[in-house]
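First residue of the sequence shown? That's 5 in the numbering used here, and the numbers climb one at a time after it.
Let me begin by presenting the structure, written as C-alpha cells, before commenting on it.
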Amino acid sequence: TICDLTLREGRQYEGVNLRKEEVILVAQKLAEAGIPMVQMHHDDPDEVKEVKALGLPFKVEVLVHPTATLNPETCRHEVDNCIECRADIICMAFAVSDYNFGLYESMGKMKISREEALAKACEAVRYAKGQGAGVCCLLMDFSRLELKRLLNICRSLADAGADIIRLDDICAPIIPAVYKHHVREVKKVIPNTRVAVHSHNDFGLGTAALFASLEGGADIIDAGVNSLGERAGIPNLAEVAAIAEILYGLDTGIRLEKMCELSSLVSDLWKVPVYSHLPAVGDRSFSHAAEVHYVLPEGDRWSFNAWAPETVGNKSRILWCLYSGPFAVRRKAKALGIRLTDKQTEEMLAKIREQVRWRKRTVTDEEFAGIARALGA
5 TICDLTLREG
15 RQYEGVNLRK
25 EEVILVAQKL
35 AEAGIPMVQM
45 HHDDPDEVKE
55 VKALGLPFKV
65 EVLVHPTATL
75 NPETCRHEVD
85 NCIECRADII
95 CMAFAVSDYN
105 FGLYESMGKM
115 KISREEALAK
125 ACEAVRYAKG
135 QGAGVCCLLM
145 DFSRLELKRL
155 LNICRSLADA
165 GADIIRLDDI
175 CAPIIPAVYK
185 HHVREVKKVI
195 PNTRVAVHSH
205 NDFGLGTAAL
215 FASLEGGADI
225 IDAGVNSLGE
235 RAGIPNLAEV
245 AAIAEILYGL
255 DTGIRLEKMC
265 ELSSLVSDLW
275 KVPVYSHLPA
285 VGDRSFSHAA
295 EVHYVLPEGD
305 RWSFNAWAPE
315 TVGNKSRILW
325 CLYSGPFAVR
335 RKAKALGIRL
345 TDKQTEEMLA
355 KIREQVRWRK
365 RTVTDEEFAG
375 IARALGA
C-alpha cells in the first residue's frame, strides 16, 4: 500500500497555506488517481471531517504529535477528536531516539524515563483501540535507536493493540540496506502487525530506502506529490508508484496516467514549480537533446528510454543543445508540418545552435517555426 502525504508533510513547505476548498480538490484528485491511503494532520479536525464527508474511497490516517500522545488528558482529547472526525486510522507519533526524546521535555513539559514513556505510549494505544479506532504507532528516528530497544518497543506497542508500526527515519541518516535489515528484524517480532516506512531525501536515497524496506517485508510505504516535504523532501509519489508497478510488478491500484495531472495541480496550488528533470512528471524527464538520440530509426522508442511517457500522462519533447544535429531538426520539422531542404536543415541547425549559445536555453516550437519561415521554409 502506498500512503500519500501531500496533505500533511507536503504542507510543511514554506509559504504554503491551502484554503479548505483547495484541500478538498486535492483530496478528490488523489481519489481519482486511485490513492488507497492519505495522511492528514490532527491540527484541523474540521478539515479532516469535510474530507471524510466526501465519501472518497481512500483510508484517512490522522497524525497526532508526539507531545500529545504521552499526556493522558491531551491524548484522549486528540483521540476523541480523530474519532469524531471519522478518521480511519489514528497515527500516534512517539519520539524514541536520544536525539528526539528531548521533545517531551522541551515541548511537552514532561520529565519522564524511557520506561515511563513506553508505558504511556501503550496506554494511549489501548485507549484508542478501546474507542474502536485503527491505530498506527509512528516511531521517530528509529534508525538511531539501538535495534534491541527498537524491537522491544515494537513488540510492546503491537501487544497493546497497534495495527501498524511506522518506522520514520526523520532525517535519513542511513543507507537503504539498513532499512531492509531493520524492517526484516521488526517483522520477525511482530509478524501479524503491518509495518510502514517513512523516508526522506536528505541524501537523495528516499525512494531507494522505500524499496529496500519493501524487500525487507514492509506493508506500507509513504510518498508525496512532487516530493514536497521537509528539507529535501520525501519520495515522489509518481516515481514510487511507477517503480512499484513497472519494476516490482506490484498492483498498487494507482492510476499512473493521472500522475502528471496531479503533479501540475499541486504545483499550481502550492506555487512551487515542478523541476523539469523531476523523474516521471518533469517536462524533460522523457525528452532528448543530443543528436545520437535521434539517429536511430524513427519509431525506435526504447534505445534511450526505459518506459513510455504516456504511462504517467507525460510526453517526450525534442530539446535543443549544442550537441543537437540534423536528425533532430528533421524530426521536429516533420512534427510541426514544416518541409525543409537539406540546405535549410543545415541552416536551421546553425541558427538553433546560435540561439542556444545566446539565450542559454532550448528553442521553443514557436521560435523553431519562426526560424524556418525566415529561411523560406
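Cβ coordinates follow ideal geometry from the N, Cα and C atoms, glycine included.
Task: Same chain, Cβ closer than 7 Å to L22, neighbours up to 5 away in sequence not counted - done: Here residue 22 corresponds to residue number 18 of the sequence shown, with the count starting at 1. Excluding residues within five positions, the ones whose Cβ falls inside 7 Å are R15 and L273.
Task: Buried versus exposed call for S217 [16 or more other C-beta atoms within 10 Å across all chains shown] - done: Taking the sequence shown and counting its residues from 1, the one referred to as residue 217 is at position 213. Label assigned to S217: buried.
TODO: Please name the residue or residues paired with A99 in a DSSP beta bridge.
DONE: In the sequence shown, residue 99 corresponds to position 95, counting from 1. In DSSP, A99 forms a bridge with M144.
- [ ] Grab the span of the alpha helix (DSSP H) containing C89 for me, first residue to last.
- [x] Mapped onto the sequence shown, residue 89 falls at position 85. That residue, C89, is in no alpha helix (DSSP H); it is neither H nor E in DSSP.
Open item on the list: Any contact between the stretch 290-307 and the stretch 35-47? By contact I mean 3 or more CB pairs, one from each, below 8 Å.
Closed with: no
Task: Sub-7 Å separation of A164 and R130 beta-carbons - done: Position 160 of the sequence shown, counted from the first residue, corresponds to residue 164. Position 126 of the sequence shown, counted from the first residue, corresponds to residue 130. Yes, the pair counts as a contact, with Cβ atoms nearer than the cut-off.
Task: Alpha-carbon spacing of V316 relative to K124, whole angstroms - done: Looking up residue 316 in the sequence shown gives position 312. Looking up residue 124 in the sequence shown gives position 120. When rounded, the distance between both Cα atoms is 45 Å.
- [ ] Tell me A200's beta-bridge partners as DSSP assigns them.
- [x] Taking the sequence shown and counting its residues from 1, the one referred to as residue 200 is at position 196. R170 and I224.
Open item on the list: Per the DSSP calculation, K63 is bridged to which residue(s)?
Closed with: Counting from 1 along the sequence shown, the entry for residue 63 is found at position 59. According to DSSP, which records beta bridges pairwise, K63 is partnered with M41.
Task: C-beta atoms of L60 and A35 nearer than 7 Å - done: Counting from one through the sequence shown, the residue named residue 60 turns up at place 56. Counting from one through the sequence shown, the residue named residue 35 turns up at place 31. Yes.
Open item on the list: Need the endpoints of the beta strand (DSSP E) that D346 sits in, please.
Closed with: Numbered from its first residue, the sequence shown carries residue 346 at position 342. Careful: D346 lies outside any beta strand (DSSP E), inside the alpha helix (DSSP H) at D346 to R363.
- [ ] Return the residue from the list K152, D84 and G106 that minimises the CA-CA distance to G4.
- [x] Outside the displayed range of the chain (5 to 381) lies residue 4, so it cannot be described from this structure.
Task: V278 (DSSP reduced to helix, strand or coil) - done: One-based indexing of the sequence shown puts residue 278 at position 274. In the structure shown, V278 sits in coil (DSSP, three-state: anything other than H, G, I, E or B).
- [ ] Can you check DSSP and say which residues form a bridge with D48?
- [x] Here residue 48 corresponds to residue number 44 of the sequence shown, with the count starting at 1. Its beta-bridge partners do not exist; DSSP assigns none.
Task: According to DSSP, residues forming a beta bridge with G19 - done: Looking up residue 19 in the sequence shown gives position 15. Answer is none; G19 lacks a bridge partner.
Task: beta-carbon W324 near the ligand SAH non-hydrogen atom, thresh 6 Å - done: By its list of ligands, the structure shown contains no ligand whatsoever, and the ligand SAH lies outside what it can speak to.
Task: Endpoints, alpha helix (DSSP H) assigned at C158 - done: The sequence position of residue 158 within the sequence shown is 154, counting from 1. From DSSP, the alpha helix (DSSP H) with C158 extends over L151 to A164.
TODO: Please confirm whether V199 and V193 have their CB atoms less than 7 Å apart.
DONE: Within the sequence shown, residue 199 is the residue found at index 195, counting from 1. Within the sequence shown, residue 193 is the residue found at index 189, counting from 1. No; because the gap between Cβ atoms is not below 7 Å, this pair is not in contact.
TODO: Label T368 either buried or exposed according to how many other C-beta atoms from any shown protein chain fall within 10 Å of its C-beta, with 16 as the threshold for buried.
DONE: Taking the first residue of the sequence shown as 1, we reach residue 368 at position 364. It counts as exposed.
- [ ] Give the secondary structure of C126 by DSSP, where H, G and I count as helix, E and B as strand, and everything else as coil.
- [x] Sequence index remark: in the sequence shown, residue 126 carries index 122 (1-based). Helix, per DSSP.
Open item on the list: Quick check: the stretch 261-275 against the stretch 314-332, are at least 3 beta-carbon pairs closer than 8 Å?
Closed with: yes
Task: Residue(s) in a DSSP beta bridge with I322 - done: As a working note, residue 322 is residue 318 in the sequence shown. Bridge partners of I322: H292.
Task: Cβ-Cβ separation, L9 to G257 (assumed contact under 8 Å), whole Å - done: Residue 257 sits at position 253 when you count from the first residue of the sequence shown. Residue 9 sits at position 5 when you count from the first residue of the sequence shown. Actually they do not touch by this definition, with Cβ atoms about 17 Å apart.
Open item on the list: Suppose you measure from the CA of C79 to the CA of E219; what does that come to, to the nearest Å?
Closed with: For the purposes of this step, residue 79 is taken as the residue at position 75 of the sequence shown. For the purposes of this step, residue 219 is taken as the residue at position 215 of the sequence shown. Using only the alpha carbons, I get a separation of about 34 Å.
- [ ] Look at the Cβ atom of L154, then the Cβ atom of C95, and state whether they are nearer than 7 Å.
- [x] If you number the sequence shown from 1, residue 154 lands on position 150. If you number the sequence shown from 1, residue 95 lands on position 91. In this structure, C95 does not lie closer than 7 Å to L154 by Cβ.
TODO: Determine the direct distance from the alpha carbon of K33 to that of L11, and round the result to whole angstroms.
DONE: In the sequence shown, the residue the question calls residue 11 occupies position 7. In the sequence shown, the residue the question calls residue 33 occupies position 29. Spanning the two alpha carbons is a distance of roughly 12 Å.
Task: DSSP state of D287 mapped onto helix, strand, coil - done: For this step, residue 287 is matched to residue 283 along the sequence shown. Three-state DSSP puts D287 in coil, outside helix and strand.
TODO: State the Cα-Cα distance for the pair G237 and F207, rounded to the nearest angstrom.
DONE: The residue given as residue 237 occupies position 233 in the sequence shown. The residue given as residue 207 occupies position 203 in the sequence shown. G237 and F207: Cα-Cα distance of roughly 10 Å.
- [ ] Tell me V139's beta-bridge partners as DSSP assigns them.
- [x] Taking the sequence shown and counting its residues from 1, the one referred to as residue 139 is at position 135. V139 is bridged to I94.
TODO: State buried or exposed for V403, treating a residue as buried only when at least 16 other CB atoms are found within 10 Å of its CB.
DONE: Nothing about residue 403 can be reported from this structure: the residues present for the chain run from 5 to 381 only.
TODO: Tell me whether the beta-carbon of A310 lies closer than 7 Å to the beta-carbon of A284.
DONE: Working through the sequence shown from its first residue, we reach residue 310 at position 306. Working through the sequence shown from its first residue, we reach residue 284 at position 280. No, these two residues do not count as a Cβ contact at 7 Å.
Open item on the list: Please state the DSSP three-state secondary structure of V299.
Closed with: If you number the sequence shown from 1, residue 299 lands on position 295. Residue state, collapsed to three classes: coil.
Task: C-alpha distance - P49 paired with R363, whole-angstrom precision - done: Counting from one through the sequence shown, the residue named residue 49 turns up at place 45. Counting from one through the sequence shown, the residue named residue 363 turns up at place 359. Cα to Cα, the separation comes out at about 50 Å.
TODO: Would you grab the beta carbon distance between A242 and T197 for me? Rounded to a whole angstrom, and I think it's under 8 Å.
DONE: Along the sequence shown, one-based indexing puts residue 242 at 238. Along the sequence shown, one-based indexing puts residue 197 at 193. Not confirmed; about 29 Å, so no contact.
Open item on the list: According to DSSP, simplified to helix, strand and coil, what is C7?
Closed with: The residue you call residue 7 lines up with position 3 of the sequence shown. In the structure shown, C7 sits in a strand (DSSP, three-state: E or B).
Task: Three-state class that DSSP yields for N205 in the structure shown - done: Counted from its first residue, the sequence shown places residue 205 at position 201. Three-state result, N205: coil.
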